[in-house]
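> Residues -31 to -1, 1 to 785 (mature numbering (1 follows the signal peptide of the UniProt record, and there is no 0)) make up the sequence shown, in order.
Sharing a structure here in structure tokens format.
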Amino acid sequence: MTPASPVLARTIAGACAALLATTGIASTAFAQTGEAGASRTIEEIVVTARKREESLQTVPVAVSAFGAAQLQRYNISDLTKLGQMTPQLFVSESATGNNGSLSIRGIGSSSTSSGFDQAVSIVLDGLQYDKGDILAQGYFDLARVEVLKGPQALFFGKNNSAGVVSLTSADPTSKTELIGRYGHEFKANENWYEGIVSGPITDTLLGRLALRYNTLRGFIRNTAGATIEPTTGETVPPPRRRNWPDKKEFLGRLTLKYAPSDALALKLKVGGAHSDTAGGSQGLEPFSCAALGRSQVDPGEDCRADWRIRQNDVPPSIAAVEPTLNEEGGRLFNKYRAVNAVLTTTYDMQALGIPAQLTSVTGYAKFKRRALYDPDFTQASLFFGTEDVKNRSISQELRILTALDGPLNAMVGGFYQDTHYSYSSPDLRLVPLPADPVTGRYATIARSSVTDGYTASAFGQLIWKLTDTVEFTGGARYSHVVKDSYLVNDYFHSFTAPLWRPVGDKLVGDFSDDDISPEATLTWRPKWRDDADLAIYGAYKEGFKAGGFSNNGLASASQTAAGLLFDSERVSGFEVGIKSTWLDRTLRMNAVAYSYKFRDLQVNFFDSATLAYNLQNAAEATTKGAELEVEWLPPIEGLNLHGTLSYNRARYGNFISYCYTGQSLAAGCNLGDDGKPTAGVGTRQDLSGTPTPLAPRWTASGGFNYEQGIGGGLRFALSADANYTDHYLFSQFGRPDIVQKSFWRLDAGLRLFEEGSWWELKLIGRNLTNKYFYSITSVDSPQTGSGTGTANAVLADQVGVANRPREIAIEVVARF
């Protein structure tokens, strides 16, 4: 640990009495208090980690769970905020490619490749999303969130080699309920408005309509001034939007729950998202300019991590002649639109004399994202780019879970998903050239790519009660994945014609793979004390993430279809855990230890000289560690104490990688393309034994919730959570100076309400220590760095996406 860690240990020890414990569960909720003098117990948390409702304390899975009360306590309205509450989970939006990424225990998928599926999938109401673009939308009116850590192949549709974030929205209520919320955050001038109507429509039909409108002026300041465009000589005026992200977002969800009989229930959830932000680059900020101390392309950029950027709109004369740049008159933007629908049908087959339950989940999801961004991330006005991304998926899952009286039960099922993904960059300027004498355009290249695919899988699990206290579960998922893709140049500047494949000449890449991912778990739940519960489990798991095609690659003259394909990623390993409650169920202590090896880990190298993406597979990577959690209800009415501690060691095991831009021979860029030492210019480095990005060794948290009456029917609830993150590398290719220093972050909340009344007032504080940190891998700034693999190399400038600064907000809630 760093020197700050003993302070952390004392803080948690003083707050929690003893920090023993679990799977990183950050979920805490007030236990319900009965009549005066009645003892309190820790509230049971129900999770669906194995596609059936089970107690968190009995399910043999490493899972962090968050209830509705906790999500609302800190205004968790997007997944980036959730990542800051969960040990070893990193979530961040990005600029291009996949538009974001998720990482658990140091394993994730690069945000820069649109061809990658996420190693950590998002599941919303049973509907799976595997593209990072889903991070562009917010979330609200959630009943719970579950973060499942480690491979989750058996119970979820596909991929999930590193984990799953499962979100469950609130269902309709049996009584009519009206809820209104208004909140305001002062620093970023954010306002949110929510309205919820829920209740019965008929005797057998319930409904819930939830709407949210959010405006976020911004916490990043764009300080760019007027500049001269180098090819036209015109003066480019300062940007019209100074505060980023300057976001406007509208979310809606309609839920209908129909139960015509005790045996049959149907639940339809239809939702949509509509968001606009100021810049397509999501506030990517230069933060490290090791070569000159200032940007190599914009001397006015100081490269300080200070929530300040310098990005200009597209020069007016260039925007006027490019097909996609005049949508907002050359102003940078990012627009996201999404719609989804999921129909869940459950049928109790006891009505047919069959002791089983049939579940059908039918899903449809579609999103599109359009962005105009500044890919030099400075005021230099050298480059610009547009992206147009569309994704559509249709899925169907059927599963049957038996309910036999004997020791044996089973679950069997099948899953099918059909997908269509298209990526186009109709205007990409890689080189500041004058107008094309043939077309009058300034873009260097325009290209497009499409992937059509499907996944078919079958899965099954045997549930065997060996004794009253010992249970064995074992199963596997078979997956067959097919992806048919192409990449084609639609245009290129005539000056650059020798660099590219001819217009219309498609690079066709077909991918298919099969996988069987088994899983086995042995769980012991001894019945030994009336005031305590105990479950000990050991599990072996395998996981799989399909390979594919680099949709946002470049169709250069030397490019081949094979060079755009990448292999599937596979993982296998073990975990053992203990879940327990003590002291008349006022103390919860859980722990898990794990060890997993990833083979052919998918990584993506960004070549800052050509703006090309080079995909490759790391031969091996391992992640090993342990996670602990405690929750205690001390003998002080209304007080809840909780804490977490996790250790993780994630390393590349065997990885001959591209060199990072500006890596010299002496710094390790001394291998050739064949991975052997070279006497010439180096192109590869050996990253074996190097930490994977976003993998702090230590993370920890400690906090409390306290609720008490203050007279006259008024009550208050006070909460605070301190979170510690050890230092970590966030360069995907081992650049040793790109390290996030260890930091503390403090969240706190105060809630005032009148018991039984309609109103509630909240004061919310997040990141009160105002720490600046990175939750996504860094990227080399284009056209910076030189001499890679030589003795006279110059390091590239770095850009990254930072977190939000200090947030202080108020929220008013009305319920009727």
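Idealized CB from N, CA, C, for every residue including glycine.
Keep in mind the model is a prediction, meaning the values are calculated, not measured.
If you drop the 5 nearest sequence neighbours on each side, which residues of the same chain put their C-beta closer than 8 Å to that of Asn736?
Gln53, Arg714, Leu715, Asp716, Asn772, Arg773, Pro774, Arg775 and Glu776
> Three Cβ pairs or more, each shorter than 8 Å: is that satisfied between the stretch 133 to 141 and the stretch 166 to 176?
Enough Cβ pairs lie closer than 8 Å, so yes.
> Put Leu608 into one of helix, strand or coil per three-state DSSP.
strand
> Is it the case that the Cβ atoms of Asp357 and His389 are separated by a distance below 8 Å?
no
> I'd like the list of long-range same chain contacts for Lys510, defined as Cβ closer than 6 Å, with 5 residues on each side in sequence excluded.
Pro120 and Glu488
> If you measure between the beta carbons of Gly754 and Gly631, is that distance less than 8 Å?
yes
> So, at 7 Å on beta carbons, what are the nonlocal neighbours of Ala691 in its own chain, with the 5 sequence-adjacent residues on each side left out?
Same-chain partners within the cutoff: Thr(-21), Ser670, Gly671, Gly672, Trp713 and Leu715.
> Consult DSSP for residue 788 and reduce its assignment to one of helix, strand or coil.
Outside the displayed span of the chain (-31 to 785) sits residue 788, for which this structure offers no information.
> Give me, in chain order, the residues of the same chain whose beta-carbon lies closer than 8 Å to that of Gly(-18); leave out the 5 immediate sequence neighbours on both sides.
Its pLDDT being 38, under 50, Gly(-18) is placed unreliably by the model, and the measurement read from it follows with that caveat. Contacts found: none.
> I'd like to check one pair, Gln585 with Phe256: are the Cβ atoms closer than 8 Å?
no
> Taking the runs of the beta strand (DSSP E) that are 3 residues or longer, which of them lie wholly in the stretch 249 to 329?
254 to 257 and 302 to 317
> Tell me which residue opens and which closes the alpha helix (DSSP H) that Thr137 is part of.
No alpha helix (DSSP H) holds Thr137; the beta strand (DSSP E) holding it covers Gly132 to Ser138.
> Ala122 lies in the beta strand (DSSP E); which residues open and close that run?
Looking at the DSSP string, Ala122 is not in any beta strand (DSSP E), and its letter there is neither H nor E.
> Pick helix, strand or coil for Arg539, following the three-state DSSP scheme.
strand
> Give the straight-line distance between the Cα atoms of Gln87 and Pro604, rounded to the nearest whole angstrom.
45 Å
> Determine, using beta carbons only, whether Ser537 and Phe513 come nearer to each other than 8 Å.
yes
> Does the stretch 324 to 339 come close enough to the stretch 95 to 114 to have 3 or more Cβ pairs within less than 8 Å?
Short answer: they touch.
> Any idea if His611 is buried or exposed, counting beta-carbon neighbours within 10 angstroms, 16 or more meaning buried?
buried
> Going by C-alpha to C-alpha distance, which of Gly658, Gly126, Asn739 and Tyr43 sits closest to Asp387?
Taking each of Gly658, Gly126, Asn739 and Tyr43 in turn and checking the Cα distance to Asp387, the smallest one comes out for Gly126.
> Quick check: the stretch 224 to 239 against the stretch 309 to 319, are there 3 or more CB pairs under 8 Å?
yes
> Please state if the CB of Ala619 and the CB of Gly77 are separated by a distance shorter than 8 Å.
no
> Give the straight-line distance between the Cα atoms of Asp484 and Ala122, rounded to the nearest whole angstrom.
Per the coordinates, the alpha-carbon of Asp484 lies some 10 Å from the alpha-carbon of Ala122.
> Please determine if the stretch 741 to 761 and the stretch 253 to 269 are in contact, where contact requires at least 3 C-beta pairs separated by less than 8 Å.
yes
> So, at 6 Å on beta carbons, what are the nonlocal neighbours of Tyr423 in its own chain, with the 5 sequence-adjacent residues on each side left out?
Around Tyr423: Asp387 and Val451.
> For the stretch 501 to 531, list the beta strand (DSSP E) runs that are entirely contained and at least 3 residues long, ordered along the chain.
502 to 514
> Leaving aside the five residues before and after Tyr151 along the sequence, list all residues of the same chain whose C-beta is less than 6 Å from its C-beta, in chain order.
Tyr162 and Val781
> Exposed or buried, what is Leu373 when buried is set at 16 or more other beta-carbons lying within 10 Å of its beta-carbon?
exposed
> Less than 6 Å between C-beta atoms, sequence neighbours within five positions excluded: which residues of the same chain meet that for Ser626?
Gln654, Leu656 and Phe702
> Buried or exposed: where does Ile197 fall if 16 or more other Cβ atoms within 10 Å of its Cβ makes it buried?
exposed
> Could you check if Leu341 is buried or exposed, using at least 16 other CB atoms within 10 Å of its CB as the buried criterion?
buried
> Going by beta carbon distance, what residues of the same chain come within less than 7 Å of Thr438, once the five residues before and after it are set aside?
Trp493, Arg494, Pro495 and Lys496
> For Lys226, count neighbouring Cβ atoms within 10 angstroms of its own Cβ and tell me buried if that reaches 16, exposed if not.
Result: buried.
> Taking Arg181 as the reference, give the member of Ser519, Asn160 and Arg784 with the closest Cα.
Asn160
> By alpha-carbon positions, which one of Ser481, Asp474, Ala508 and Ser394 ends up nearest to Gly443?
Ala508
> Would you check if the distance between the CB atom of Ser525 and the CB atom of Pro751 is smaller than 8 Å?
no
> Smallest Cα separation from Ser286: which of Gln280, Arg300, Lys593 and Trp276?
If we check each option's Cα against that of Ser286, Arg300 comes out closest.
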